[in-house]
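As structure tokens, the structure follows; a few thoughts come after it.
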Amino acid sequence: MNDKGPRPGFPHKDTSWLFGLIAVQAPLAKIAALAAMPAKGPVRESHAFQSANSEYTMLSWDKCEPGLSKSLSKKLRTTVAYLWDEDTSGWFGYSVFRNGAELEVFQFGANYEEELGDAMPSRENRQKGWDAFVSENGEDFQFRSKLMKATKKDLLQGLSFVDKRFKSLGIPIPRDFPKNQEVISWPFPS
497 MNDKGPRPGF
507 PHKDTSWLFG
517 LIAVQAPLAK
527 IAALAAMPAK
537 GPVRESHAFQ
547 SANSEYTMLS
557 WDKCEPGLSK
567 SLSKKLRTTV
577 AYLWDEDTSG
587 WFGYSVFRNG
597 AELEVFQFGA
607 NYEEELGDAM
617 PSRENRQKGW
627 DAFVSENGED
637 FQFRSKLMKA
647 TKKDLLQGLS
657 FVDKRFKSLG
667 IPIPRDFPKN
677 QEVISWPFPS
């Protein structure tokens, strides 16, 4: 890290360390204050930190659950990115929200066509709701964006595409995470 803070992008070649990570364009103190408001119902803990000279705060979160990201984006009127890696299926993805509205989603992983045979949803059903869909070498790549058009070549880059998109969007995912992080409790998103 330099004194300018972490560079934008996703500088990781694998995602085995990742379950769910939320990058919020807001100071940690503002996020902690929002979390300190009385909650109705059960809460879930996350760990949070803000790198020096970065306008983004990182929160750990559960995989495949973007609800808190969308809620934070709306309540804080800011940009929030949610990254997840589902270790059982091998799928990886991200969502970007601004002011509570979805701007972009990308996800990819094994499609299990060989294993599922006729039980596998059709290609037409798998591509519904996506601006771009690629199925190649046993993997599906799904992309939807209000910001850009993606090509087959873009999507097949996988994590390199994620790095390029996060650089373009100015979202920094650090290489290293501090050992000491603030514990914040959140209500289950509705």
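Mapping the sequence shown onto the numbering used here, position 107 (from 1) lands on 603, and the numbers just tick up by one. Quick reminder that beta carbons are idealized off the backbone N, C-alpha and C, glycines included. All values reported here derive from a predicted model rather than from experimental measurement.
Same chain only: Cβ atoms within 7 Å of residue 561, ignoring 5 sequence neighbours per side: Excluding its 5 nearest sequence neighbours in each direction, residue 561 has C-beta neighbours in its own chain below 7 Å: 516, listed in chain order.
Cross-strand partners of residue 504 (DSSP beta bridge): Residue 504 pairs with nothing; no bridge assigned.
Sheet register partners of residue 632 (DSSP bridge): Residue pairing by DSSP places residue 632 opposite 635 in a beta bridge.
Sheet register partners of residue 678 (DSSP bridge): Residue 678 pairs with 544.
For residue 638, the nearest candidate out of 544, 649, 623 (CA to CA): Its Cα nearest to that of residue 638, the residue 623 stands out among 544, 649, 623.
Same chain, Cβ closer than 7 Å to residue 619, five either side skipped, listed in chain order: Closer than 7 Å at Cβ, skipping near neighbours: 631.
Residue 518, enclosing beta strand (DSSP E) - first and last residue: Unbroken beta strand (DSSP E) run through residue 518: 516-520.
Close beta carbons around residue 646, own chain, < 6 Å, minus the five adjacent residues each side: Correct list, in chain order: 628, 639.
Distance CB(residue 602)-CB(residue 565) smaller than 7 Å: No, the Cβ-Cβ distance between residue 602 and residue 565 is not below 7 Å.
Residue from 585, 610, 586, 576 whose Cα sits closest to the Cα of residue 596: Just measuring C-alpha positions, the residue of 585, 610, 586, 576 sitting nearest residue 596 is 576.
Chain-order list of residues whose beta-carbon lies under 7 Å from that of residue 682 (same chain, five-residue window excluded): So the qualifying residues of the chain are 531, 539, 540, 542, 564.
Anticipated Cβ contact below 8 Å, residue 680 with residue 518, distance rounded: Separation of the CB atoms of residue 680 and residue 518 is rounded to 11 Å, and the pair is thereby denied contact status at 8 Å.
Inter-residue Cα distance where the pair is residue 664 and residue 506: If I take the Cα positions, the gap works out to 11 Å.
Run of the alpha helix (DSSP H) containing residue 620, from where it starts to where it stops: That run of the alpha helix (DSSP H) goes 619-623.
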